[in-house]
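A.B. asks: Those letters in the sequence shown? Residues 46 to 489, by my numbering. Note that beta-carbon positions come from the ideal geometry of N, C-alpha and C, so glycine has one too. Treat the numbers as computed from the prediction; the structure is a model and nothing was measured.
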Amino acid sequence: MEDSFFYEHPPRARRQDNLVEFPTGQTRPSQRPGEQRTRNGARPQQVRPGRSANGARRPAQARPSASAPRREGRRRRRLTRKMLRRRRMMRRLTAVFLVLCVAAAGVYLTVTMLFKINAIRVAGPDGATLTEAGPYTSSQILETLGVQVEENIFSFDPGEKAAMLEKTFPLLEQIEVKRVYPSTVVVQVTPATPAYTIQTSTGWINLSAGLKILSTETQQPDLLVLYGGDPVSVTPGDQLAYALADPALSGADSAEASSAADSESAALAQDGRIDALTTLLTALEERGLLGDVTRIEYADVEEIAFLYQDRISVLLGTLNELDYKLDYAEYMLLNKEGKGCAETDTGQLDCSHVKTDGTLQAIFAQGVPELPSGYVVPEEVPVPDTETTDPALTGETAAEGAPAGETGADPAADPSAQPADPAAENQAAGDGTAPETPAEGTDQ
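Structure follows, in structure tokens:
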């Protein structure tokens, strides 16, 4: 039989309790301090520190004051935190200052050492290099530009240079000075061609398609005539502009008669002349009518009109419903579908009447084309026939027979020699023109 282990627990330590013997000889286990009860069986109340057993506050006891080293340590800790915050702030400020210094150094190097101009050239609208731009050479333009090679590309203002060149070279429609980084300056120019003319007190001024004054002449050029009043300036290179009407310059009677509202509306009307002109030019060009227009009147923006081929005047009134009016004028002038004006018709096409329901009441009156300014197309001067007979022979023939003034048939006696009435011919042809009396409507 194998050996077996028998583990014997050590004897327990005898519990020593404060036992109180009762007369019966039995003992009662002692209670824990927190479990002691009063005689009536209630649990005793816990006494808070600083209070007596009956709940009254005990007199304040002097707490032991913190020692001087502890107070000194706290003060040092507070100072240390302030210093740390201050050091962090100083570090941030130092970093920002260094960044600014580096940026300033970069700007200085860029302005002084980098981006130096190596090439300056004159180019056209397509970017191709030009040796001549209109009547000017590229050397003249670059010399007036005043920018030299090896200068910094940021040493001049392109806008100011372009304005100066436009004043110096008025026959250039548009001038733009561009920086091509890193080292090239390009002067892009668009040559101007005369497109319009205006009569002034000193003669005629020619304008480009962008209404820029190009030159002055004493004789009327063969260009589209613009009638809008005297411009502010007639200097070549300036843009067409009109001055506002100053109520103070008018007479005292007119100043008393006109109110402030009338003066303001007149000023707005004067100010709208350029806008009315540009709007009308754009609309006519879109419809293909501008090439046949010989005169445009816009002195009064409420009576805008133009002359078509020196034979039909078109009255538009205001710019209200301009597209609607021009669509009908295009239909009539181009004789679309064979229901418009014939190539030999002359007269006035009034498209300024718009009914209250929004429809257009157009009127075509045959006769002399009249415009709001009273302008009448001058009669063409007959060109003398270059193939005339010898005056000596003509004199001999007249001497032999009747006088020269009596020779030949009398034009008054011959009905075939009389000029036909255009209105009668058109009426006989049945062109279907509208009656001259307009229907009830409002002028636009």
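1) For the structure I just gave you, are there three or more beta carbon pairs, one from the stretch 391 to 399 and one from the stretch 240 to 258, closer than 8 Å?
2) Here's a check: name, in chain order, each residue in its chain whose Cβ is nearer than 8 Å to the Cβ of L329, leaving out the five neighbours to either side.
3) Which residues bound the alpha helix (DSSP H) around R318?
4) With C-beta atoms as the reference, is T391 less than 8 Å away from Q411?
5) Assign V234 to one of three DSSP states: helix, strand, or coil.
6) Are the Cβ atoms of S183 and L190 separated by less than 8 Å?
7) I need the straight-line Cα distance from P138 to V144, nearest angstrom please.
8) In whole angstroms, give me the CA-to-CA distance for V234 and R224.
9) Quick check on the DSSP output: the alpha helix (DSSP H) that includes I186 runs from which residue to which?
10) Assuming P276 and D345 are in contact, meaning their beta carbons sit under 8 Å apart, how far apart are those beta carbons, in whole angstroms?
11) Label C386 either buried or exposed according to how many other C-beta atoms from any shown protein chain fall within 10 Å of its C-beta, with 16 as the threshold for buried.
12) Would the beta-carbon of V192 fall within 8 Å of that of I165?
13) Should K381 be labelled buried (16 or more other beta-carbon atoms within 10 Å of its own) or exposed?
14) Output needed for Y181: all residues of its chain with C-beta closer than 8 Å, excluding positions within five of it in sequence on either side, in chain order.
15) Would you please state the rounded distance, in angstroms, between the beta carbons of L252 and L285? I believe it to be under 8 Å.
16) Helix, strand or coil: how does DSSP classify F142 here?
17) A410 bridges to which residues according to DSSP?
18) Given this structure, state the Cα-to-Cα distance separating V232 from R340, to the nearest angstrom.
19) Around the Cβ of T242, are there at least 16 other Cβ atoms within 10 angstroms (buried) or fewer (exposed)?
20) Please name the residue, chosen from G403, I357, E366 and I349, that lies closest to L378 on a Cα-to-Cα basis.
21) If we count the other Cβ atoms within 10 Å of its Cβ and call it buried at 16 or more, is E342 buried or exposed?
22) Bridge partners for K223 per DSSP, in chain order?
23) What residue does the beta strand (DSSP E) around Y353 start on, and which one ends it?
24) Could you tell me if F409 is buried or exposed, where buried requires 16 or more neighbouring beta carbons within 10 angstroms of its beta carbon?
25) Figure out for me which residue from A207, P281, L259 and T229 has the closest Cα to the Cα of L159.
26) Suppose only complete runs of 3+ residues qualify. What are the beta strand (DSSP E) ranges in the stretch 151 to 220, listed by chain order?
27) Quick one: using the 10 Å Cβ neighbour count with 16 as the cut-off for buried, is P414 buried or exposed?
28) Express the C-alpha separation of V359 and E347 in angstroms, rounding to a whole number.
29) Based on Cα-Cα distance, which residue from Q354, A240, R132 and Q264 lies nearest to I258?
30) Looking at the strands, I want to know which residues DSSP matches up with E117.
31) In terms of alpha-carbon separation, which member of K400, T327, K384 and G383 lies closest to D368?
32) When you compare only the Cα positions, how much space is there between R131 and E117?
33) For G317, which residues of its own chain have a beta-carbon under 7 Å away from its beta-carbon, when the five flanking residues on both sides are left out?
34) Does the beta-carbon of V222 have 16 or more other beta-carbons within 10 angstroms, so that it is buried, or is it exposed?
35) Round the Cβ separation of L491 and G362 to the nearest angstrom and send it over; I've been treating them as touching at under 8 Å.
36) Report, in whole angstroms, the separation of the C-beta atoms of T324 and L364, which I expect to be a contact under 8 Å.
C.D. replies: Judging by the given coordinates:
1) no
2) On the sequence shown, position 284 is the one that residue 329 refers to. So the qualifying residues of the chain are L335, V338, F351 and L371.
3) Along the sequence shown, read from residue 1 onward, the residue named residue 318 stands at position 273. Residues R318 to E331.
4) By one-based count along the sequence shown, residue 391 stands at place 346. By one-based count along the sequence shown, residue 411 stands at place 366. A contact, by the Cβ cut-off of 8 Å.
5) By one-based count along the sequence shown, residue 234 stands at place 189. In the structure shown, V234 sits in a strand (DSSP, three-state: E or B).
6) Here the question's residue 183 lines up with position 138 in the sequence shown. Here the question's residue 190 lines up with position 145 in the sequence shown. Not a contact, by the Cβ cut-off of 8 Å.
7) Counted from its first residue, the sequence shown places residue 138 at position 93. Counted from its first residue, the sequence shown places residue 144 at position 99. Before going on, a small fix: residue 138 reads as Leu here, not Pro. Computed Cα separation, rounded: 10 Å.
8) Stepping through the sequence shown from its first residue, residue 234 is reached at position 189. Stepping through the sequence shown from its first residue, residue 224 is reached at position 179. Approximately 14 Å, taken between the alpha carbons.
9) Locating residue 186 in the sequence shown gives position 141, where the first residue counts as 1. Looking at the DSSP string, the run of the alpha helix (DSSP H) that includes I186 is S183 to L190.
10) For the purposes of this step, residue 276 is taken as the residue at position 231 of the sequence shown. For the purposes of this step, residue 345 is taken as the residue at position 300 of the sequence shown. With a Cβ gap of about 16 Å, P276 and D345 do not count as contacting.
11) Within the sequence shown, residue 386 is the residue found at index 341, counting from 1. Answer is buried; the Cβ neighbour count reaches 16.
12) As a working note, residue 192 is residue 147 in the sequence shown. As a working note, residue 165 is residue 120 in the sequence shown. Cβ distance < 8 Å, so V192 and I165 count as in contact.
13) In the sequence shown, counting from the first residue as 1, residue 381 sits at position 336. The residue in question, K381, is exposed, as its Cβ has fewer than 16 Cβ neighbours within 10 Å.
14) What you label residue 181 is simply residue 136 of the sequence shown in a count that begins at 1. If we look at Y181 and ignore the five residues flanking it on each side, its Cβ neighbours are F214, L216 and L217.
15) Working through the sequence shown from its first residue, we reach residue 252 at position 207. Working through the sequence shown from its first residue, we reach residue 285 at position 240. Yes, L252 and L285 are in contact; Cβ-Cβ is about 6 Å, under 8 Å.
16) By one-based count along the sequence shown, residue 142 stands at place 97. F142 falls in the helix class under three-state DSSP.
17) Taking the first residue of the sequence shown as 1, we reach residue 410 at position 365. A410 is bridged to Q393.
18) For the purposes of this step, residue 232 is taken as residue 187 along the sequence shown, with counting starting at 1. For the purposes of this step, residue 340 is taken as residue 295 along the sequence shown, with counting starting at 1. Approximately 36 Å between the Cα atoms of the pair.
19) Numbered from its first residue, the sequence shown carries residue 242 at position 197. That one is buried.
20) For this step, residue 378 is matched to residue 333 along the sequence shown. Taking only the C-alpha atoms, the option nearest L378 is I357.
21) One-based indexing of the sequence shown puts residue 342 at position 297. The residue is buried, with at least 16 neighbouring Cβ atoms inside 10 Å.
22) Locating residue 223 in the sequence shown gives position 178, counting from the first residue. Its beta-bridge partners are V231.
23) What you label residue 353 is simply residue 308 of the sequence shown in a count that begins at 1. Segment I349 to Y353, the beta strand (DSSP E) holding Y353.
24) Locating residue 409 in the sequence shown gives position 364, where the first residue counts as 1. Under this definition F409 is a buried residue.
25) Position 114 of the sequence shown, counting from 1, holds the residue named residue 159. It is T229 whose Cα lies nearest to the Cα of L159.
26) Taken in chain order, the unbroken stretches of beta strand (DSSP E) that lie wholly in the stretch 151 to 220 and span 3 residues or more are 164 to 168.
27) Within the sequence shown, residue 414 is the residue found at index 369, counting from 1. With 16 or more Cβ atoms within 10 Å of its Cβ, P414 is classed as buried.
28) Translated into positions along the sequence shown, residue 347 becomes position 302. Translated into positions along the sequence shown, residue 359 becomes position 314. Computed Cα separation, rounded: 14 Å.
29) Numbered from its first residue, the sequence shown carries residue 258 at position 213. The shortest C-alpha separation from I258 is found at A240.
30) Here residue 117 is taken as the residue at index 72 of the sequence shown, counted from 1. For E117, no pairing in a beta bridge is given by DSSP.
31) Here residue 368 refers to the residue found at position 323 of the sequence shown. Considering only alpha carbons, the answer is T327.
32) Taking the sequence shown and counting its residues from 1, the one referred to as residue 131 is at position 86. Taking the sequence shown and counting its residues from 1, the one referred to as residue 117 is at position 72. Using only the alpha carbons, I get a separation of about 21 Å.
33) Within the sequence shown, numbered from 1, the residue matching residue 317 stands at position 272. Answer for G317: V346, listed in chain order.
34) Working through the sequence shown from its first residue, we reach residue 222 at position 177. With 16 or more Cβ atoms within 10 Å of its Cβ, V222 is classed as buried.
35) The structure shown does not extend to residue 491, since the chain is modelled only from 46 to 489, so the question has no answer here.
36) Position 279 of the sequence shown, counted from the first residue, corresponds to residue 324. Position 319 of the sequence shown, counted from the first residue, corresponds to residue 364. Between L364 and T324 the Cβ distance is about 6 Å, and since that is below 8 Å, they are a contact.
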